[in-house]
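Chains as they are written, first to last, in our numbering: chain A, 1 to 360; chain B, 361 to 720; chain C, 721 to 1080; chain D, 1081 to 1440. What follows is a set of notes on a single structure, which appears directly below.
There are 4 protein chains.
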Amino acid sequence: MSRLRAAIVGATGLAGQQFIAALANHPTFEITALAASSRSAGKTYKDAIRTEKGAIQWFTSIALPEKVASMSVEDAEQLDASKVDVVFTAVESGPAKLLEPKYAKTTPVLSTASAFRYEADVPLILPGVNAEHAQLIDTQRKQRGWKGYILPNPNCTTVGLAYSLAPLHRAYGVKRVHMVSMQSVSGAGRSPGVIGLDIIDNLIPYIPDEEGKVEKETLKILGTLTDGKIEAASIAVSSTCTRVSVLEGHTEVVHVELARATTEAEITATWRGFGREFLAAGYPSAPPALIHVHEDPFRPQPRLDRDLNDGMTTAIGRLRRDEHSPNGWKYVLVSHNTKMGAAKGCILVAEHLAATGYLG
Amino acid sequence: MSRLRAAIVGATGLAGQQFIAALANHPTFEITALAASSRSAGKTYKDAIRTEKGAIQWFTSIALPEKVASMSVEDAEQLDASKVDVVFTAVESGPAKLLEPKYAKTTPVLSTASAFRYEADVPLILPGVNAEHAQLIDTQRKQRGWKGYILPNPNCTTVGLAYSLAPLHRAYGVKRVHMVSMQSVSGAGRSPGVIGLDIIDNLIPYIPDEEGKVEKETLKILGTLTDGKIEAASIAVSSTCTRVSVLEGHTEVVHVELARATTEAEITATWRGFGREFLAAGYPSAPPALIHVHEDPFRPQPRLDRDLNDGMTTAIGRLRRDEHSPNGWKYVLVSHNTKMGAAKGCILVAEHLAATGYLG
Amino acid sequence: MSRLRAAIVGATGLAGQQFIAALANHPTFEITALAASSRSAGKTYKDAIRTEKGAIQWFTSIALPEKVASMSVEDAEQLDASKVDVVFTAVESGPAKLLEPKYAKTTPVLSTASAFRYEADVPLILPGVNAEHAQLIDTQRKQRGWKGYILPNPNCTTVGLAYSLAPLHRAYGVKRVHMVSMQSVSGAGRSPGVIGLDIIDNLIPYIPDEEGKVEKETLKILGTLTDGKIEAASIAVSSTCTRVSVLEGHTEVVHVELARATTEAEITATWRGFGREFLAAGYPSAPPALIHVHEDPFRPQPRLDRDLNDGMTTAIGRLRRDEHSPNGWKYVLVSHNTKMGAAKGCILVAEHLAATGYLG
Amino acid sequence: MSRLRAAIVGATGLAGQQFIAALANHPTFEITALAASSRSAGKTYKDAIRTEKGAIQWFTSIALPEKVASMSVEDAEQLDASKVDVVFTAVESGPAKLLEPKYAKTTPVLSTASAFRYEADVPLILPGVNAEHAQLIDTQRKQRGWKGYILPNPNCTTVGLAYSLAPLHRAYGVKRVHMVSMQSVSGAGRSPGVIGLDIIDNLIPYIPDEEGKVEKETLKILGTLTDGKIEAASIAVSSTCTRVSVLEGHTEVVHVELARATTEAEITATWRGFGREFLAAGYPSAPPALIHVHEDPFRPQPRLDRDLNDGMTTAIGRLRRDEHSPNGWKYVLVSHNTKMGAAKGCILVAEHLAATGYLG
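Printed below as a string of structure tokens:
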């Protein structure tokens, strides 16, 4: 059986490379086009990621696939999306705003950019949490007159939080959330991302726009699709997002108030059992479990836990009652920001869409 | 006028060295005795801090004062406290429990250890916040039959939080606090403290016992002394304490609910004006301001802000409304854990006690 | 076919854990005994690596194998070595000096400790470089009257240097070497190893005893076995060893003077072809190549190159002529200090010994 | 007495800010003009260093002087150099090539850029080492017909090496040098300099063009001025320059061969006594000693030693014989790359020029 043809836009950047790595030897998708800015257009991929000084800018943990190395990079503005079955975009919000609607005329676009996340006819799908929101795609296609559609990934910081909250919300109701993130530098990319002078022996207590994204997206993901509309969940979500000296893996300290009483054992069981039906489908990029719960109080730690199940499982620990709040609980989570929180999470959504008729 | 004689117990450790540095050329106190474990006893200080391999373990930013270098170190268990006017102790809680009551029979003991912090007749004084709690010393002396007394410093993580809350509590009433700390490795000392393998490209989401300390101490400091007893403040304080890859300076992300409405401008003015009366006394170790408020949203940062006024000022930034809570506010603070949060803060208390008749 | 029984001594430490990880699902060896200090004796392995505060001290990149987790840990001093076919020791030099001769009476001992490295009847084998030195084992057994023998691994810093020099020495003759190492913190272990306070925003220009080890061991490895004696190679090796803020992977900057003229292309080819005969044996822990040569001038970098072929390949780059020396060349290498440089390198030697009749 | 008027060009960058900090309250120079790219022109300095997101980009350890904060920034291309007595430039080599000759028509230009370092009529002055090379300025003025002149600072990596070699060369003759540097990230500036993703848990073994600069500049500084020409010293200097995870302070591991035999004690005394005559002049930015020699074998360390005498002293340690080379010695040095190695070193030169009739 032939695989679906995939284009990667923004292929030379950090997030684009994560797409390439995640699609190496993929059973469902085959990379047939690579696009980037006009600066890279016409070069082979390997030349496009080589600097003037000779450095090869390839940053994933697998070797650059030879087939990809020799592929020619197209100008993203000239890319003919109709020649592929799906476009994965990994560009900044600005270019995404211009490029994605062009591609979506003919082809589904799965994106790590925030440009369309907050539009009413655009779902934010977190695999295993709200796959049913995919139906909003039909509305989007109808309203916009597109053959394809735009389906963005949630922000990398939203992903871990929403995974930890979704089972709690379903089982006990979540009323109030305070979250403080300690985010890794890879979340900021490489151009220039976070510079060494700012982060060695230091942390930065502010990431522009991040807190608003996390708060809005969490409510949308946990919301309900009724009559072709997502009604956002009604939870008071407040956050402070910071940057720490960690390469990969976002850590989030969460305080939550539930709607009803429960126990530590119940919550742990709820988390551990979460997503079984979704995982039963056996998608290639899916982990054995969406959530792993630690008993060691010193875990999760980003370096030790980010790579659990190749970065596709959210690790949670330090669950404990907060006696000062009604049904208050506290915990800490680690989520891999460039795997489940970006390219590979996007591909897992694509696998689900392909299996349910929305792709190919 | 002659200076008061001070002994430093635990003089060879990280906290003890901070006492030595903070007392170099001090107008009120003169180091006349150094004590440490029996391993160091009988050596000159310089020899006591030299390892087998020849490394000189001196870790403060000033050069080791020559006078101190050549002083002989005594065994802490043999120290005759009656020969000094004040004992500064910088040892772990275990030894403090045994040593401090012995010294206190004759001499005031100011301590960075937690051993006696939670006893009813022991105040926790934060300079400029609750100096009046010093009166509890009279009760302690009477009850214990001591000529001296034990006066511990608050925990280094409590210090920044309590400084930021005290003015808010006085002006608007504080009802509820959530605090997430990102603490520096120096808070764990050097034996072995936090090891490099655990903290490079990582953070640790748990510091044993720290959260309980912060919660209890904050309420005691903000409490009211009535009839020779401290009535703890009635605030719901909840915290999560973590360790990050920062050398010095604890960062704390705070969410607070006040008892009444106010504005950003009012809170900023309240913080900026805080402690004026106390500072007017002109104590040698006092900073020009107890709190500095930043407008740059990327501040405070531990590396950039910890040394403000030689580590004696709490830097606050990112003040903003939390619309999800009644009178909810969020902010970030940085406080120097080994200066105001430990030895130098202790010395500032000593300066105040000397000026008010409790020392010498 | 049944596997050889292996004991791991020092099983709870960092190096011991690397042995456990490297032997998980190993086709030739099966862990049948674990030993550590008397403090751990009688506990299951999982309990032995759990701290008082509940932290599980397991530090490798694979999950702790369940079988190992539930094995009982023995007191290393009581271990009956005759019940296993090989003992892998991962303890400090002091205990190694006492324990290893006891075990060697009955059983081959492969060790990461330096205790016996410099004795005349003890070879230092680097797989693919000097396997023929294994014959010295016969001499050792005869002289010491042991059924087993002691075979130590070279120091982790020697390993990368000797791999890069061996092909050069064989092909062109090496006359003089200056090496400056920038070593990772894992090389110092965890008790306490390098503490965070010393290595964040810093480096340490001295590692006690390291330079002497590197210089002596390199000459022994590159030496010739004649008449049951190793004659050390005659090369002027000088080094400075430093510690930098890197978790794993030692980087070494090498300046070498060769005995005869050659070209960059020749040296590169010499390195790339090195060890083909040895690798042809297909040992389970052997990499596809012993040396990888980079053309990107910004490589090798420890974080990007240490895990090449699971840490079993030395990465070299920046090869260039030094016009100021006769036949002078400069290059940089990265070698994984806890893989090929320790446990896994030791196991590769064991695989070779098993295939050549020295084990089992 | 009125102070000399100074312009700082490139005032908004990292190096420019070091000039501002070093000139705060300076007895000889007064900042009367600030210049930067046209993007900053017309703004107050404080606005020019504020980003879109509100971050104030001020990076020195002193507070931004209020007078400077409110000064207007000029376009460097429009700066009228004739209105100042000296121009300090802190721009990249490209713009320096265009701007500096324009300024030099009327005014002395002291520069941290490399643009003119290698021209025959341009000296490279290291204070206390080769002040007499200043006479080449007369030649330069004559040849170029300028009222002013261009005097560049040596590269920050050259500075520490040349300080350590100069006394050795004078006393014993230096024949051969191998140097491996471990350079801090501040040496690369902030735009973007070294990014966090590249340097956390890593090092980079290549700094483009750095090695050539170090080798050429060292020979020029140690050279002899004869008949209006500098004859470069005849020393075989070979280096490898790397970047490590350190904020400030370059560490250099040096191997040197001297022309004649000497002892450790003699070398130490030579270093300690070096520069006494120069220092006797009492220039405001001069340290009490140009070289500090450590006996603790774990020193120098960049974090602990870079700030010695406000970054104006080179710290040296680990001096030991290299028995493998004729009159071979090894040592390690730390030099502050943004103080003596850049702006403040440049100002010390300016102080000397002002005292000797070349400025004002």
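Just so you know, even glycine gets a beta-carbon here, dropped at the ideal spot from N, CA and C.
Keeping to the same chain, check which residues put their C-beta closer than 6 Å to that of HIS336 of chain A; ignore five residues upstream and five downstream.
In the same chain as HIS336 of chain A, and ignoring 5 residues on each side of it, the C-beta atoms closer than 6 Å to its own belong to GLY249, ARG306, GLY311, in chain order.
What are the complete alpha helix (DSSP H) segments, minimum 4 residues, inside the region 58-115 of chain A?
Whole alpha helix (DSSP H) segments, 4+ residues: 66-70, 93-104.
The region 505-532 of chain B: which residues have C-beta closer than 8 Å to a C-beta of chain A, in chain order?
Residues of the region 505-532 of chain B with a Cβ closer than 8 Å to any Cβ of chain A: none.
Identify the contact partners of ASP1376 of chain D in chain B, using a Cβ-Cβ distance below 7 Å as the criterion.
Neighbours of ASP1376 of chain D on chain B, chain order: GLY414, ALA415, ILE416.
Which value, in whole angstroms, describes the spacing of the CA atoms of ARG1023 of chain C and CYS706 of chain B?
Cα to Cα, the separation comes out at about 43 Å.
For the alpha helix (DSSP H) that contains GLU277 of chain A, what are its first and last residues?
It spans 276-280 - the alpha helix (DSSP H) in which GLU277 of chain A sits, taken as one unbroken run.
Own chain partners of LEU308 of chain A with C-beta closer than 7 Å, once the 5 adjacent residues on each side are dropped
The answer, listed in chain order, is HIS292, ALA315.
Where do the N-terminal and C-terminal ends of the alpha helix (DSSP H) with ASP858 of chain C fall, by residue?
Counting along the chain, the alpha helix (DSSP H) containing ASP858 of chain C begins and ends at 856-864.
At 8 Å on the CB atoms, spell out the chain B contacts of ILE920 of chain C, in chain order.
At a beta-carbon threshold of 8 Å, the residues of chain B lying near ILE920 of chain C are VAL545, GLY556, ILE559, ILE560, SER605, VAL606, LEU607, ordered along the chain.
Under the rule that 16 or more other beta-carbon atoms within 10 Å means buried, what is ASN385 of chain B, buried or exposed?
So ASN385 of chain B counts as exposed.
Inspect the beta-carbon positions of CYS1152 of chain C and GLY913 of chain C and report whether they are closer than 7 Å.
Because chain C here runs from 721 to 1080, residue 1152 of chain C falls outside it and cannot be looked at.
If THR602 of chain B and ILE559 of chain B are in contact, beta carbons under 8 Å, what's the gap, nearest whole angstrom?
Contact flag wrong, Cβ pair sits at about 11 Å.
In its own chain, which residues sit with a C-beta less than 6 Å from the C-beta of PHE1358 of chain D, not counting the 5 before and 5 after it?
Here PHE1358 of chain D has GLY1208 as same chain residues with Cβ atoms under 6 Å from its own Cβ, once five neighbours each way along the sequence are excluded.
Could you tell me which chain C residues have their CB closer than 8 Å to the CB of ALA1316 of chain D, listed as they occur along the chain?
Within chain C, the residues near ALA1316 of chain D are HIS1044, SER1045.
DSSP state of THR1306 of chain D mapped onto helix, strand, coil
THR1306 of chain D: strand per DSSP, three-state reduction.
Can the beta-carbon of SER599 of chain B be found closer than 7 Å to that of MET542 of chain B?
In this structure, SER599 of chain B sits away from MET542 of chain B, with a CB-CB distance that is not shorter than 7 Å.
Distance between beta carbons of ALA882 of chain C and LEU978 of chain C, contact taken as under 8 Å:
Between the beta-carbon of LEU978 of chain C and that of ALA882 of chain C there is about 16 Å, and that puts the pair past the 8 Å contact cut.
Distance check for GLN863 of chain C and GLN855 of chain C, CA to CA, integer angstroms please.
GLN855 of chain C and GLN863 of chain C have their alpha carbons spaced roughly 13 Å apart.
Cβ contact check for the region 325-333 of chain A and the region 252-267 of chain A: 3 or more pairs under 8 Å:
The region 325-333 of chain A, when compared against the region 252-267 of chain A, does touch it at the 8 Å Cβ threshold.
Whole-angstrom distance between GLY814 of chain C and THR1140 of chain D, CA atom to CA atom
For THR1140 of chain D and GLY814 of chain C, the distance between alpha carbons rounds to 48 Å.
So with CB distances below 7 Å, who are the chain A contacts of VAL444 of chain B?
What VAL444 of chain B touches in chain A: nothing, since even the nearest Cβ is about 37 Å away.
Along the chain, where does the beta strand (DSSP E) that runs through ARG1040 of chain C open and close?
Residues 1034-1042.
Euclidean distance between Cα positions of GLY588 of chain B and THR467 of chain B
Those two C-alpha atoms are separated by around 21 Å.
Along chain A, in chain order, which residues have C-beta atoms closer than 7 Å to that of GLY1273 of chain D?
For GLY1273 of chain D, the chain A residues whose Cβ falls inside 7 Å of its Cβ are ILE195, GLY196, LEU197, in order along the chain.
Looking at the secondary structure, which residues open and close the alpha helix (DSSP H) in which ILE1427 of chain D lies?
Unbroken alpha helix (DSSP H) run through ILE1427 of chain D: 1423-1435.
Go ahead and pull the three-state DSSP assignment for ARG1383 of chain D.
Helix at ARG1383 of chain D.
Just checking: is the beta-carbon of PRO127 of chain A within a distance shorter than 7 Å of some beta-carbon in chain B?
Output row for PRO127 of chain A: interface = no.
Quick check on the burial criterion: 16 or more other C-beta atoms within 10 angstroms. Buried or exposed for SER70 of chain A?
So SER70 of chain A counts as exposed.
Between which two residues does the beta strand (DSSP E) harbouring HIS1249 of chain D extend?
First-last for HIS1249 of chain D: 1236-1252, but that is the alpha helix (DSSP H), not the beta strand (DSSP E).
Please state whether the Cβ-Cβ distance between GLU951 of chain C and THR748 of chain C is less than 7 Å.
Result no, Cβ atoms of GLU951 of chain C and THR748 of chain C do not sit closer than 7 Å.
Going by C-alpha distance, which of A:VAL332, A:LYS339, A:PRO65, A:ALA355 is nearest LEU165 of chain A?
The residue among A:VAL332, A:LYS339, A:PRO65, A:ALA355 with its C-alpha nearest the C-alpha of LEU165 of chain A is A:VAL332.
Helix, strand or coil: how does DSSP classify ILE769 of chain C here?
Coil, per DSSP.
Listed by chain order, chain B residues near THR314 of chain A by CB distance under 7 Å
Against chain B, a Cβ distance below 7 Å from THR314 of chain A picks out nothing, because the smallest value is about 14 Å.
Comparing alpha-carbon positions, which option in B:LEU528, B:GLU460, B:VAL574 lies nearest GLN438 of chain B?
For GLN438 of chain B, the closest C-alpha among the options B:LEU528, B:GLU460, B:VAL574 is that of B:GLU460.
Under a three-way DSSP split, which group does GLY1048 of chain C fall into?
Residue state, collapsed to three classes: strand.
According to DSSP, is LEU364 of chain B helix, strand or coil?
It is a strand residue.
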